[in-house]
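If you count by mature numbering (1 follows the signal peptide of the UniProt record, and there is no 0), then the sequence shown holds residues -22 to -1, 1 to 217, one letter each, in order.
Even glycine gets a Cβ: it sits at the ideal position worked out from N, Cα and C.
In this text the structure is predicted, and so the values were computed from the model without any measurement.
I have placed the structure first, in the form of structure tokens, so that the comments after it can refer back to it.
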Amino acid sequence: MLKENTLVLFCLYFSHLVGVFADTDTVKSVSVKEGDSVTLQIHVTEIQTDDRIDWKFGTNNTVLARIRTKTSEIFNGTDGRFRDRLKLDQTGSLIIMNTRTTDSGLYEVRIRSSSRPEDTHRFSLTVYAATTPAPSSTPPSHPPSHPSSGPHSGSPPGRSSGSSDSPDRFLLVLISAVAGSLLLLAAVGIIWIYRKQRTTDQHAETREDEITYADTTFHKRNAQKSEDDVVYASVVHRR
């Protein structure tokens, strides 16, 4: 029993280590429009007292922020580019406000604690100018505006889609009406044929009831005796 429990605990710990290493090797791509704020989110629900969190930026590993015993420190970077634009939330995630194109680059956070294994996250941040379209992986934060309609601009955008859908909608209604009419005519025809057949059957039954049947018997008639066999005699009456 003890061996089985030890094996289960070892498997769980090994799978956790595999997940940690997988997260360490993964670089999450994030893009944002210049001037907007962005949050680099880490997988920590609550900061513990013994947690040590370090945020670094760029290939030189410039320290941006750190947390020790639930106390946070914010740095402006070596050239002061992040002055008054960095903040840490209650989970240790880094918030960059009023982003600039110079903020683009690799961000790394390392989380160490005595209660859990060391964890590292990497973020590849891209800040694009307001006039530059957003990368294909991340849609722009605002939908593109439609051109205003003028005297020479044709029909308004809001009506163009509706007008293109009108013929299809009319055709669908017409087909539905024709199909309904055909079904109605078929139903009426079936009912009429049924009633006509039923009336014909009733007339046939009535005629059969009016016929009177009689039995005919034929008798053989005796032939009249020939006059040759008759003898005539005179009768004398005496007084």
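Original post:
How about THR77 and SER15: are their beta carbons less than 9 Å apart?
Top reply: yes
Original post:
Is the beta carbon of TYR85 sitting closer than 9 Å to the one on VAL10?
Top reply: no
**OP:** Could you pull out every residue in the same chain whose Cβ sits closer than 6 Å to the Cβ of THR17, ignoring the five residues on either side in sequence?
**Re:** SER71, ILE73
Original post:
So is ASP81 buried or exposed if we call it buried at 16+ other beta carbons inside 10 Å?
Top reply: buried
Original post:
How big is the Cα-Cα spacing for GLY167 and GLY158?
Top reply: 14 Å
Subject >> Under the three-state DSSP convention, the category ILE73 falls into >> reply: strand
Original post:
So what's ILE25 in DSSP terms, helix, strand or just coil?
Top reply: coil
Subject >> For LYS48, the three-state DSSP class (helix, strand or coil) >> reply: coil
**OP:** Mark residue 273 as exposed unless 16 or more other C-beta atoms lie within 10 angstroms of its C-beta, in which case mark it buried.
**Re:** Not covered by the structure: residue 273. The range shown for the chain is -22 to 217.
Original post:
Is the Cβ-Cβ distance between SER91 and ARG30 less than 9 Å?
Top reply: yes
Subject >> Bounding residues of the beta strand (DSSP E) (the contiguous stretch that carries ILE89) >> reply: 83 to 90
Original post:
PHE53 to THR40, Cα distance in whole Å?
Top reply: 9 Å
Original post:
Looking at C-alpha atoms only, which residue of THR37, THR49, LEU66 is the closest neighbour of residue 219?
Top reply: Past the boundaries of the shown model lies residue 219; the chain is included only from -22 to 217, so the question cannot be answered.
**OP:** Could you give the DSSP three-state label for ARG61: helix, strand or coil?
**Re:** coil
**OP:** Can you grab the Cα-Cα spacing for the pair ARG176 / LEU162, in whole Å?
**Re:** 21 Å
Original post:
If you follow the beta strand (DSSP E) that ASP14 is part of, which residue opens it and which one closes it?
Top reply: Run containing ASP14: none; DSSP gives neither H nor E here.
**OP:** Give the DSSP-derived three-state secondary structure of THR109 in the structure shown.
**Re:** coil
**OP:** Assign ILE89 to buried or exposed, taking buried as 16 or more other Cβ atoms, counted over all protein chains shown, within 10 Å of its Cβ.
**Re:** buried
Subject >> Length of the line joining the Cα atoms of LYS6 and ALA108 >> reply: 22 Å
Subject >> Candidates MET75, THR56, GLY58: closest to LEU64 by CA position >> reply: MET75
**OP:** Specify the secondary structure class of THR40 as computed by DSSP and reduced to three states.
**Re:** strand
**OP:** Would you kindly work out how many angstroms separate the C-alpha atoms of ASP57 and THR47, rounded to a whole number?
**Re:** 28 Å
Original post:
To which residues of the same chain is GLY36 closer than 7 Å at the C-beta, ignoring the five residues directly before and after it?
Top reply: GLY83, LEU84
Original post:
Just the Cα atoms here: how many angstroms apart are VAL8 and THR104?
Top reply: 6 Å
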